[in-house]
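Trainee: In my numbering, the protein residues as written are 27 to 293.
Even glycine gets a Cβ: it sits at the ideal position worked out from N, Cα and C.
Next up is a structure, given as structure tokens.
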Amino acid sequence: MRLLSVIRGELNRLFLIELEDGNRIEAVLYRGDTLCVSTQVGCPVRCAFCASGREGMIRNLTSQEIVGQYELVSRLVPIRRIAMAGIGDPLLNWTNVKEAFWDLKRRNLKVSFYTTGFPPDRLRDLLQLPHSGVTISIHSTDPITRDLIMPHAGDVQSIIQVLEEVLPRMSIRRRRKVSLAYMPLKGVNDSDREVQRIGEIARRLGVGVTLLYYNRVNDMEPVDPAQYERIFLKIRSMGVRVTLSTRFRKDKVGGCGTLVANREVRA
Ligand code: SF4
Numbered sequence: 027m028r029l030l031s032v033i034r035g036e037l038n039r040l041f042l043i044e045l046e047d048g049n050r051i052e053a054v055l056y057r058g059d060t061l062c063v064s065t066q067v068g069c070p071v072r073c074a075f076c077a078s079g080r081e082g083m084i085r086n087l088t089s090q091e092i093v094g095q096y097e098l099v100s101r102l103v104p105i106r107r108i109a110m111a112g113i114g115d116p117l118l119n120w121t122n123v124k125e126a127f128w129d130l131k132r133r134n135l136k137v138s139f140y141t142t143g144f145p146p147d148r149l150r151d152l153l154q155l156p157h158s159g160v161t162i163s164i165h166s167t168d169p170i171t172r173d174l175i176m177p178h179a180g181d182v183q184s185i186i187q188v189l190e191e192v193l194p195r196m197s198i199r200r201r202r203k204v205s206l207a208y209m210p211l212k213g214v215n216d217s218d219r220e221v222q223r224i225g226e227i228a229r230r231l232g233v234g235v236t237l238l239y240y241n242r243v244n245d246m247e248p249v250d251p252a253q254y255e256r257i258f259l260k261i262r263s264m265g266v267r268v269t270l271s272t273r274f275r276k277d278k279v280g281g282c283g284t285l286v287a288n289r290e291v292r293a
């Protein structure tokens, strides 16, 4: 694999990487020392708010290709943390991702995950690893709405069931490393009822909510800033820890949901 180009954003740096078979993937450096790596070429989940799944799934990355993204970028910048949050869902390439996880841990890196939580058995496995954070994309507790937003992300109830089974057995410190991601989209999953339900589930599970702001990649619209603020205050008033989308996640280069498989070389 080789580095094709580096695109500099306001805050992030996007690394376009070519694999041995000619496919391309992207990794993003953010916060100066954290590398968001891809786990698949394309993504089978095809979330409506994400450019990475637009072309569907091409293939899984090998564990060497996942670790290789770190090896390439760390020659240029010292990396301390890895987020398995780029193109693809880590749980859908679980054997290779787990192998890469242990390799990265042996190099003293902190490794966190972003996932749909599907399939639930693998989520159970992931939660037992010595990870530095797991964020599970819930986005809606209503099966029909979640299916509209994340068409191939399994049944939300079975994901919540695993969390209800596993989390109470964990220490408070470990539970604090787990959060539910909620990206309110205008007119889709932003009702008061939805906000209430997501807050209730997080409170019951003893986990936080990561409130994501949508980087527009299609016709869907983000909620306006006032509504985003109201949702934040509502969930927080329920006694739930809420993390807001950082500026890194909103950057035009490498922001959440903006990575693509097989981008042409720019810059
Ligand atoms: S948000 Fe994640 S799971 Fe959904 S399409 Fe994008 S890369 Fe895949």
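1) Rounded to whole angstroms, what is the Cα-Cα separation between A293 and D218?
2) Any heavy atom of the ligand SF4 closer than 6 Å to the beta-carbon of D115?
3) Assuming the contact rule is C-beta atoms closer than 8 Å, E220 and S166 should be a hit. Round their C-beta distance to whole Å, please.
4) Compute the minimum distance between the beta carbon of S78 and the heavy atoms of the ligand SF4, and state whether it is under 6 Å.
5) Can you look up R289 in the DSSP assignment and give me helix, strand or coil?
6) Looking at the structure shown, is K203 part of a helix, part of a strand, or coil, going by DSSP?
7) Using only the heavy atoms of the ligand SF4, determine whether one of them is closer than 6 Å to the beta carbon of V160.
8) Return the chain-ordered ranges of every alpha helix (DSSP H) run that is complete within the segment 138–183 and spans a minimum of 4 residues.
9) To which residues of the same chain is T284 closer than 7 Å at the C-beta, ignoring the five residues directly before and after it?
10) Alpha carbon to alpha carbon, what distance is there between C282 and R230?
11) Quick check on the DSSP output: the beta strand (DSSP E) that includes N122 runs from which residue to which?
12) Distance, Cα to Cα, L297 vs E52?
Mentor: The short version:
1) Here residue 293 corresponds to residue number 267 of the sequence shown, with the count starting at 1. Here residue 218 corresponds to residue number 192 of the sequence shown, with the count starting at 1. Summary for A293: the model assigns pLDDT 48, below 50, so the residue's position carries little reliability, and this model does not support an answer.
2) In the sequence shown, counting from the first residue as 1, residue 115 sits at position 89. Correct: D115 has its Cβ closer than 6 Å to the ligand SF4.
3) Working through the sequence shown from its first residue, we reach residue 220 at position 194. Working through the sequence shown from its first residue, we reach residue 166 at position 140. Indeed, because the Cβ distance is near 6 Å, the residues count as touching under 8 Å.
4) As a first step, residue 78 is located in the sequence shown; it is residue number 52 there, counting from the start. Result yes, Cβ under 6 Å from the ligand SF4.
5) On the sequence shown, residue 289 is found 263 positions in, with the first residue counted as 1. Three-state result, R289: coil.
6) The residue labelled residue 203 in the question sits at position 177 within the sequence shown. If DSSP states are grouped into helix, strand and coil, K203 belongs with coil.
7) As a first step, residue 160 is located in the sequence shown; it is residue number 134 there, counting from the start. Within the chosen limit of 6 Å, the ligand SF4 does not reach the beta carbon of V160 with any heavy atom.
8) For the alpha helix (DSSP H) assignment, the uninterrupted runs of no fewer than 4 residues enclosed by the segment 138–183 are, from N- to C-terminal side, 146–154, 169–175.
9) The residue labelled residue 284 in the question sits at position 258 within the sequence shown. Counting only Cβ-Cβ distances below 7 Å, and skipping sequence neighbours, we find A77, N241, V243.
10) On the sequence shown, residue 230 is found 204 positions in, with the first residue counted as 1. On the sequence shown, residue 282 is found 256 positions in, with the first residue counted as 1. Roughly 27 Å separates the two Cα atoms.
11) Taking the first residue of the sequence shown as 1, we reach residue 122 at position 96. Premise fails: N122 lies in the alpha helix (DSSP H), 120–132, not in any beta strand (DSSP E).
12) With the chain covering 27 to 293 only, the question about residue 297 has no answer from this structure.
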